[in-house]
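First the structure, in the form of structure tokens, and then the observations on it.
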């Protein structure tokens, strides 16, 4: 270690500390990035979140085909789907569709593989509960029938709206470019 | 303090009481007043202010719920800690575990005895003032080692050892920087050192010569290291040692350690102000001459603001610099700060032989340099703001 | 009894009591920490004698330096509590003899010293006087002490230095 490098060490230290201090000082006159939660803003906080925010999962069971793609792709198996044969109608019904929010790690894989966009991330993030059982979301409280896509588009106007919402979500969220094209529009 | 008590004794206020008892009661009263009316709120408000300043520097808001702008946050924290269960681990050494916080607290609190808050506002102007501060703060090391050992926990022990090694290493550059000022002032007394300087910045020892200017920064850095402040807070580095020597502490005992840490910030600022920044000296204005009360208030405010500026700088450094590694810490002390502080000491001694005119010119030049550095600094801040193009917000509250 | 006498005995009690704990405690950590009381008590005695500078230096060097060094040695020594502390090889009788001789010597010294009772201790700054004496009457011992310290420092550097292999 020569004298020159010794002096260089000292001057470098002083310079970098000086520069760093100026940067932090400049932050004193900047507006904080964080906002006062949950009050002091005019609209609910959920509405200010970005389009592709990964909040708590929600399922629109009316357009769910019961393909189980989400259940299989989930890396921590937080989704459990039960499908039974209804003996009266001879159709398959959901017996349960549960998502354990405790386990969910918000990776978004399930919403990417969903063919109809029925499982998707909402803007909701306030998941506090008094007991862990309350964090398991039951999307099929009573047996419900599976959705069957019709050839040539949906005819039922009520379902058509939901299919459109799901397709829009897929276009924005699960595209190869990560929804960048949709955001530009 | 003693003079005032003497006056009262002469007036017959304490008839029939031995003089020593009056002194002892007076001292205890002074200690109580200083502790409850100054140190406790100061440490508390410092803890709140640090969190606010730190938050703003990190683009956050910080605690602002308890009281107006969260200024009572420290009271809430204090009450919370008082009500918490005081846990002593089963495997801990109970006697030493209970004793350690008080020794740390005592070491820090003793320093307040000689801090000159104003021309007459000092508990005792000991003629070994600054040596006394160096001596009593070494009690803190013993307390920290005691806490580290008694917790019977490897993180605590490592934290205690690191802290002790750090404090005794950095005592050398700090001591040598102090020695520089003692040479210039020719006294160890805190009031004597302040009286050796003037009210104007160019009369301060900070701008006396280039070596004291460098020595000030050496002292401040070493003092930060002695106070276990970031970037030298490896004894309580949460990423490696949980919380160092306070890992096993809870409730009020935990609070004692942090009370000492935040109060110690003010002691660092006050000692730096006394040694380098002219202490409580105020300009000799006409209004002060016939109103000693106003003079005392002005002196107190001057001293407090100067000292608190350095508390703010310590917070600011904490928000800026990452913590150093243990080997970096030791090499910084022994390879850089110790030799530099000795160079500064020799330089200052050599400078004492410069004739008075030369000294005055140097002081003026150094003051100019200080102003220039400040201006460059703010230009640099302006540059950072222009480059980032942020949304500006000048109000301190949100 | 005057109050200053009472305070003196209190400080003496702290000093001697802590020293007793240092000697008799079975726990070496307690012994080491009790030195704090002893050193602080001695500093208190110095203050009683009006030696402010020496009291400050006593705290600074003994508490801040030597006590911490002892604690480091105790804490860093591997399995120090397992070591048999009492050296039984020497036995109690030789120890008693040595203690007895020392006690006799001390008592003789106390009895022969012409004690002077000072009426009033004048509390004056002693720092400047100590400095003057160091640089005038006691210059040679002072410089010799610095030399010893320098030699010790160089020795420490040599001992802890790593071999640099070419």
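Chains as they are written, first to last, in my numbering: chain A, 1 to 185; chain B, 186 to 583; chain C, 584 to 749.
No residue lacks a Cβ here, since even glycine has one placed at the ideal position from N, Cα and C.
Computed from a predicted model, the values in this text were never measured in an experiment.
Range of the contiguous alpha helix (DSSP H) that encloses residue i
i                     : result
residue 694 (chain C) : 675-695
residue 738 (chain C) : 722-743
residue 427 (chain B) : Segment: none, residue 427 (chain B) is in no alpha helix (DSSP H) and carries neither H nor E.
residue 138 (chain A) : Element bounds for residue 138 (chain A): not the alpha helix (DSSP H) but the beta strand (DSSP E), 136-138.
residue 254 (chain B) : Taken as a continuous stretch (DSSP letters only), residue 254 (chain B) belongs to no alpha helix (DSSP H), as it is neither H nor E.
residue 658 (chain C) : 651-659
residue 235 (chain B) : 225-242
residue 165 (chain A) : 157-173
residue 27 (chain A)  : 3-27
residue 347 (chain B) : 339-370
residue 597 (chain C) : 586-607
The ligand PLP heavy atom lying under 8 Å from the CB of residue i
i                     : result
residue 374 (chain B) : The model on display carries no ligand, and the ligand PLP is accordingly not part of it.
Element boundaries [beta strand (DSSP E), containing residue i]
i                     : result
residue 446 (chain B) : That residue, residue 446 (chain B), is in no beta strand (DSSP E); its alpha helix (DSSP H) goes 436-461.
residue 91 (chain A)  : 91-100
residue 119 (chain A) : 119-121
Contact set between residue i and chain B, taken where Cβ atoms lie within less than 7 Å
i                     : result
residue 639 (chain C) : 313, 316, 317 and 320
residue 654 (chain C) : 330
residue 619 (chain C) : 327
residue 36 (chain A)  : 246
residue 153 (chain A) : The contacting residues do not exist; residue 153 (chain A) stays about 47 Å from chain B at best.
residue 23 (chain A)  : 569
residue 214 (chain A) : Beyond the ends of chain A as shown, which are 1 and 185, falls residue 214 (chain A); an answer cannot be given.
residue 33 (chain A)  : 244
residue 20 (chain A)  : 505 and 506
Per-residue contacts from residue i into chain C (C-beta, under 7 Å)
i                     : result
residue 323 (chain B) : 642, 643, 646 and 647
residue 460 (chain B) : Here the premise fails: no neighbours, minimum Cβ distance about 17 Å.
residue 281 (chain B) : 616
residue 334 (chain B) : 612 and 658
Proximal chain B residues relative to residue i, where beta-carbon distance stays under 8 Å
i                     : result
residue 650 (chain C) : 327
residue 10 (chain A)  : 521 and 525
CB-CB length for residue i against residue j, believed under 8 Å
i                     : j                     : result
residue 331 (chain B) : residue 281 (chain B) : 5 Å
residue 101 (chain A) : residue 137 (chain A) : 6 Å
residue 594 (chain C) : residue 618 (chain C) : At roughly 16 Å, the Cβ-Cβ gap does not stay under 8 Å, so residue 594 (chain C) and residue 618 (chain C) are not in contact.
residue 49 (chain A)  : residue 123 (chain A) : 5 Å
residue 23 (chain A)  : residue 351 (chain B) : 27 Å between Cβ atoms; not a contact.
residue 323 (chain B) : residue 515 (chain B) : The pair is not a contact, with the Cβ atoms about 19 Å apart (cut-off 8 Å).
residue 294 (chain B) : residue 224 (chain B) : 7 Å
residue 290 (chain B) : residue 444 (chain B) : 7 Å
residue 475 (chain B) : residue 446 (chain B) : Rounded, the Cβ-Cβ distance is 43 Å, inconsistent with contact.
residue 471 (chain B) : residue 495 (chain B) : 31 Å between Cβ atoms; not a contact.
residue 63 (chain A)  : residue 152 (chain A) : Their Cβ separation, rounded to whole angstroms, is 17 Å, which puts residue 63 (chain A) and residue 152 (chain A) out of contact at 8 Å.
8 Å Cβ cut-off: residues of chain A touching residue i
i                     : result
residue 153 (chain B) : Within the shown structure, residues of chain B are numbered from 186 to 583, placing residue 153 (chain B) beyond reach of any answer.
residue 442 (chain B) : Per Cβ cutoff of 8 Å: no residues; residue 442 (chain B) is ~26 Å from chain A at best.
8 Å Cβ cut-off: residues of chain C touching residue i
i                     : result
residue 356 (chain B) : 647
residue 349 (chain B) : 651, 654 and 655
residue 264 (chain B) : Residues of chain C passing the Cβ test: none, with the nearest at roughly 32 Å.
residue 353 (chain B) : 647, 648 and 651
Interface partners of residue i on chain B, CB under 9 Å
i                     : result
residue 710 (chain C) : 312, 313, 316, 372 and 373
residue 30 (chain A)  : 241, 244, 570, 573, 575, 576, 577 and 578
residue 125 (chain A) : By Cβ distance, chain B contributes nothing, its closest Cβ being about 18 Å from residue 125 (chain A), past 9 Å.
residue 17 (chain A)  : 502, 505 and 506
residue 636 (chain C) : 312, 313, 316 and 373
Contact set between residue i and chain A, taken where Cβ atoms lie within less than 9 Å
i                     : result
residue 562 (chain B) : 18, 21, 22 and 25
In chain order, which continuous runs of the alpha helix (DSSP H) of length 4 or greater are located wholly inside the segment 494-572 of chain B?
-> Entirely contained in the segment 494-572 of chain B, the alpha helix (DSSP H) runs reaching 4 residues are, in chain order, 511-516 and 523-536.
Would you be able to state if there are at least three C-beta pairs under 8 Å between the segment 334-354 of chain B and the segment 414-429 of chain B?
-> yes
Sufficient close CB pairs (3 or more, under 8 Å) joining the segment 388-405 of chain B to the segment 346-364 of chain B | When C-beta atoms of the segment 388-405 of chain B are compared with those of the segment 346-364 of chain B, three or more pairs fall below 8 Å, so the two segments count as touching.
Which ranges would you report for the alpha helix (DSSP H) in the segment 467-494 of chain B if only whole runs of at least 4 residues count?
-> Listed in chain order, the complete alpha helix (DSSP H) runs (minimum 4 residues) inside the segment 467-494 of chain B are 471-474.
With a cut-off of 8 Å, do at least 3 Cβ pairs link the segment 333-341 of chain B to the segment 314-321 of chain B?
-> Segment contact: the segment 333-341 of chain B against the segment 314-321 of chain B, fewer than three CB-CB distances shorter than 8 Å; contact not assigned.
Okay, do the segment 373-387 of chain B and the segment 458-465 of chain B touch, 3+ Cβ pairs below 8 Å being the bar?
-> yes
Determine, using beta-carbon pairs with one atom in the segment 549-560 of chain B and one in the segment 388-395 of chain B, whether at least three such pairs fall under 8 Å.
-> yes
Any chance you could list the beta strand (DSSP E) runs of at least 3 consecutive residues sitting entirely within the segment 377-416 of chain B, in chain order?
-> none
For the segment 518-529 of chain B against the segment 259-277 of chain B, are there 3 or more C-beta pairs whose distance is under 8 Å?
-> no
Contact the segment 30-38 of chain A vs the segment 242-252 of chain B: 3+ CB pairs below 8 Å = yes
Could you tell me which uninterrupted beta strand (DSSP E) segments, each at least 3 residues in length, are contained entirely in the segment 38-89 of chain A, listed from first to last along the chain?
-> Taking only runs of at least 3 residues, the beta strand (DSSP E) segments lying wholly in the segment 38-89 of chain A are 57-59 and 79-86.
Does the segment 78-92 of chain A come close enough to the segment 155-165 of chain A to have 3 or more Cβ pairs within less than 8 Å?
-> no
Do the segment 629-637 of chain C and the segment 599-611 of chain C touch if we need at least three Cβ pairs shorter than 8 Å?
-> Taking 8 Å as the limit for Cβ pairs, the verdict is that the segment 599-611 of chain C does not touch the segment 629-637 of chain C.
Do three or more CB pairs link the segment 425-432 of chain B to the segment 561-581 of chain B at distances below 8 Å?
-> no
Would you check if there are 3 or more beta carbon pairs closer than 8 Å linking the segment 92-101 of chain A to the segment 130-146 of chain A?
-> Cβ pair count under 8 Å is three or more, so yes.
Is there contact between the segment 638-657 of chain C and the segment 686-693 of chain C, where contact requires at least three CB pairs shorter than 8 Å?
-> no
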